[in-house]
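Every letter in the sequence shown is one number past the one before it in numbering that gives the first Met the number 0, and letter 29, counting from 1, is 28.
All C-beta atoms, glycine included, are put in the ideal place defined by N, C-alpha and C.
Data first, discussion second: the structure below is written as structure tokens.
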Amino acid sequence: MFEQMINSIKDEVVRRLMISEIKKEQKIERKSVSKTSVENIGGEAAVKKQPVKVGKKPGRNEPCPCGSGKKYKYCCGRNA
Numbered sequence: 000m001f002e003q004m005i006n007s008i009k010d011e012v013v014r015r016l017m018i019s020e021i022k023k024e025q026k027i028e029r030k031s032v033s034k035t036s037v038e039n040i041g042g043e044a045a046v047k048k049q050p051v052k053v054g055k056k057p058g059r060n061e062p063c064p065c066g067s068g069k070k071y072k073y074c075c076g077r078n079a
């Protein structure tokens, strides 16, 4: 009984393998898009990036440079 079940499973597997078809992968055409054309889609001119300011960073316990009067660590330093 068990051998019959195993043989029927084997037969089913072989039958499905013989019926199945292998499909070839289709080639996908890829178009190259330049970075500037993607940025200018909205019709706006490309904005130049501002350089990062390299200056002395305020200490955590110094007053915040934004002028709030709070310590830097409790004001703008919290997000840094």
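Within 10 angstroms of its Cβ, does residue i collect 16 or more other Cβ (buried), or is it exposed?
| i | result |
| --- | --- |
| residue 73 | exposed |
Report back the beta-carbon spacing between residue i and residue j to the nearest angstrom; my notes put them in contact at under 8 angstroms.
| i | j | result |
| --- | --- | --- |
| residue 71 | residue 54 | 14 angstroms between Cβ atoms; not a contact. |
Is there at least one non-hydrogen atom of the ligand GTP closer than 6 angstroms to the beta-carbon of residue i?
| i | result |
| --- | --- |
| residue 11 | You won't find the ligand GTP in this model; it holds no ligand whatsoever. |
Which residue spans inside the segment 0 to 31 form an unbroken beta strand (DSSP E) run of at least 3? none
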